[in-house]
Amino acid sequence: MPLILVEAPRHVGVGIRPALHRDIPRVLEIERLAFGGQWDYYQFRASLEDVFLLAVDAASGETVGFLVACCCKIARRGIILRVAVHPDFQGQGIATQLLQESFTTLKKKDLDEVELDVDIVKNGAMRLYERLGFRVKELFSPDMEGEESFHIMRRKL
């Protein structure tokens with residue numbers, strides 16, 4: 002039986018635990034629904050070595066969301082790479098729970114801050130991150146036309 006790090010609050014009904022290899026097929030399903038399948042099996046498998054948390058529905062035991070982060074010890078910064086919640090479970094505070102647990106996990110790794118990037122058009126995600134203490138530090142555009150722009154956001158741990 003996997004270890005649950007945070008007891009499921011009654012109003013949310015979700016617990017948080019580290020991901021295991023056997024969880025990857027369900028994570029890939031949520032990835033496909035949330036992002037169109039940008040990450041593959043091998044990227045998630047490699048993420049098992051760092052911070053890879055799952056939100057698990059307390060009633061069914063089914064994975065309903067995930068968060069992947071990596072640690073940059075030199076910069077003393079955690080970088081959140083992926084946060085996704087199954088569409089059937091969105092709007093229930095699950096992403097907030099995953100993020101808050103990642104802050105605790107990253108702090109235990111002796112890091113000072115956490116960073117993420119968010120697509121400039123994702124206003125809902127921006128509001129969530131700002132509510133959790135993230136602030137925009139810079140704008141990043143990988144192409145010259147700036148059609149795909151991202152906010153780099155950071156917060157202290």
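Heads up, the sequence shown is in this note's numbering, so the first residue is 2 and it goes up one at a time. Just so you know, even glycine gets a beta-carbon here, dropped at the ideal spot from N, CA and C.
Could you spell out the range, first to last residue, of the beta strand (DSSP E) harbouring Val-28?
Here residue 28 corresponds to residue number 27 of the sequence shown, with the count starting at 1. Under the DSSP assignment, Val-28 falls outside any beta strand (DSSP E), being part of the alpha helix (DSSP H) whose first and last residues are 25-36.
Suppose the cutoff is 6 Å on Cβ atoms and the five residues either side in sequence are ignored; what does the same chain contact list for Ile-153 look like?
Along the sequence shown, read from residue 1 onward, the residue named residue 153 stands at position 152. Cβ neighbours of Ile-153 beyond the five flanking positions: Asp-118, Lys-138, Glu-139 and Phe-141.
Quick check on the DSSP output: the beta strand (DSSP E) that includes Leu-133 runs from which residue to which?
The sequence position of residue 133 within the sequence shown is 132, counting from 1. Looking at the DSSP string, Leu-133 is not in any beta strand (DSSP E), and its letter there is neither H nor E.
Using 10 angstroms around the beta-carbon of Ala-85, count the other beta-carbons present and answer buried if the total reaches 16, otherwise exposed.
What you label residue 85 is simply residue 84 of the sequence shown in a count that begins at 1. Under this definition Ala-85 is a buried residue.
Continuous alpha helix (DSSP H) stretch holding Glu-102: start and end
Your numbering for residue 102 matches position 101 in the sequence shown. Here the alpha helix (DSSP H) through Glu-102 covers 95-109.
In this structure, what does DSSP give as the bridge partners for Leu-55?
Working through the sequence shown from its first residue, we reach residue 55 at position 54. DSSP, once it has assigned bridges, lists Arg-18 and Phe-67 as partnering Leu-55.
Span separating the alpha-carbon of Glu-50 from that of Ile-81
Taking the first residue of the sequence shown as 1, we reach residue 50 at position 49. Taking the first residue of the sequence shown as 1, we reach residue 81 at position 80. Whole-angstrom Cα-Cα distance: 14 Å.
Local conformation of Arg-77 per DSSP, three classes
Residue 77 sits at position 76 when you count from the first residue of the sequence shown. In this structure, Arg-77 counts as coil in the three-state DSSP scheme.
Exposure of Arg-11, with buried meaning 16 or more beta-carbon neighbours within 10 Å:
In the sequence shown, counting from the first residue as 1, residue 11 sits at position 10. Confidence is the limiting factor: at Arg-11 the pLDDT is only 49, short of 50, which leaves the residue's position unreliable and the question unanswerable from this model.
Would you kindly report the start and end of the unbroken beta strand (DSSP E) that includes Phe-45?
Here residue 45 corresponds to residue number 44 of the sequence shown, with the count starting at 1. Run containing Phe-45: none in the beta strand (DSSP E); it sits in the alpha helix (DSSP H), 42-48.
Simplified DSSP assignment, three categories, for Asp-89
Along the sequence shown, read from residue 1 onward, the residue named residue 89 stands at position 88. In this structure, DSSP gives Asp-89 a helical state, which the three-state scheme calls helix.
Kindly give me the distance between the Cβ atoms of Phe-90 and Ala-20, rounded to whole angstroms, as I take these residues to be in contact under 8 Å.
Residue mapping note: residue 90 aligns to position 89 of the sequence shown, counting from 1. Residue mapping note: residue 20 aligns to position 19 of the sequence shown, counting from 1. That pair is no contact at about 17 Å.
Is it true that the CB of Arg-77 sits closer than 7 Å to the CB of Leu-112?
Within the sequence shown, residue 112 is the residue found at index 111, counting from 1. Within the sequence shown, residue 77 is the residue found at index 76, counting from 1. Their beta carbons are under 7 Å apart, which means Leu-112 touches Arg-77 by this criterion.
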